[in-house]
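A.B. asks: So the protein lines, in turn, are chains L and E.
Read in order, the letters of the first sequence are residues 46 to 150 in this note's numbering.
Read in order, the letters of the second sequence are residues 145 to 243 in this note's numbering.
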Amino acid sequence: MRRHHDMGGLDAGPVDPAEHDYTPWEKRVDAIVRLLAGKERRLITLDEHRRAMEDLGPGAYDELSYYERWISAITNILIEKGVISVEELGGKMEAVKARWQEARE
Amino acid sequence: MSARFIVGDRVRVRQAYPPGHVRTPYYVRGKEGVVSRMIAEHPNPEERAYGRDGLPPVPVYRVLFRQNDLWQDYQGPEGDTTELDIQEHWLGPLEEDGG
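1. Using the Cα positions of E/D153 and L/K137, report the straight-line distance between them to the nearest angstrom.
2. Nearest chain E C-beta to L/D66 closer than 7 Å, yes or no?
3. What does DSSP give as the partner residues of E/M182 in its beta bridges?
4. Less than 7 Å between the C-beta atoms of L/M98 and L/A76, yes or no?
5. Would you kindly report the start and end of the unbroken beta strand (DSSP E) that includes E/Q231?
6. Counting only beta-carbon atoms, is L/E139 nearer than 7 Å to chain E?
7. Can you give me the Cβ contacts of L/R151 inside the same chain, cut-off strictly under 6 Å, excluding the 5 residues immediately before and after it?
8. Counting contacts by CB-CB distance shorter than 7 Å, is L/E132 in contact with chain E?
9. Please classify L/V141: does DSSP put it in a helix, a strand, or coil?
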């Protein structure tokens, strides 16, 4: 079986070679990955990270942007390893959303 | 671990389609090539991808393929080649393979 991400040789449309700016959250995701994989922590390996991105499945793999794939994959690994719990993450996301809404009102 | 192949050996990539994290691209499986360089021994990323240590380290070889062998409809010059780094457990000697 050919896995979805293993697309070498398939027609994937044109590549956009233009440089683009990274948004602050994308830079933050990059930093988080480096901190998690760094030798002080070693909470994830880059091999695990890559595997977790492949395991996002065809829909997510195509629809998410590059750094959205990164953060989704890291999230899944940290939950698998018990570094964070689903409950904890869900609660935090709700809290951030509420704070954001308050700030806009 | 001692390396099973040396530079110049003709090899065939295993034609296998296991589930899980695999570092040998689909398009090169089952194809024949020539070992062009011994890269190093590395902990196996196919194991490390699942949180294990990937030991013992696996020899990794650079293997040269003819583009015409990889792609049925290749339009480029006859002598075009491509090189890929492939782990030892993905390679077999050409003669044992039987095609």
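Glycine included, every Cβ here is placed at the ideal spot set by N, Cα and C.
C.D. replies: Walking through what the data contain:
1. For this step, residue 153 of chain E is matched to residue 9 along the second sequence. For this step, residue 137 of chain L is matched to residue 92 along the first sequence. Whole-angstrom Cα-Cα distance: 56 Å.
2. Here the question's residue 66 of chain L lines up with position 21 in the first sequence. False, the Cβ-Cβ gap to chain E never drops below 7 Å.
3. Residue 182 of chain E sits at position 38 when you count from the first residue of the second sequence. Residue pairing by DSSP places E/M182 opposite E/Y205 in a beta bridge.
4. Start at 1 with the first residue of the first sequence, and residue 98 of chain L comes out as number 53. Start at 1 with the first residue of the first sequence, and residue 76 of chain L comes out as number 31. With a cutoff of 7 Å on beta-carbon distance, L/M98 and L/A76 are scored as not near each other.
5. What you label residue 231 of chain E is simply residue 87 of the second sequence in a count that begins at 1. Looking at the DSSP string, the run of the beta strand (DSSP E) that includes E/Q231 is T225 to Q231.
6. Locating residue 139 of chain L in the first sequence gives position 94, where the first residue counts as 1. L/E139 does not count as touching chain E.
7. As shown, chain L starts at 46 and ends at 150. That puts residue 151 of chain L outside it, with no answer to give.
8. What you label residue 132 of chain L is simply residue 87 of the first sequence in a count that begins at 1. No, no contact with chain E.
9. The residue you call residue 141 of chain L lines up with position 96 of the first sequence. In the three-state DSSP reduction, L/V141 falls in the helix class (H, G or I).
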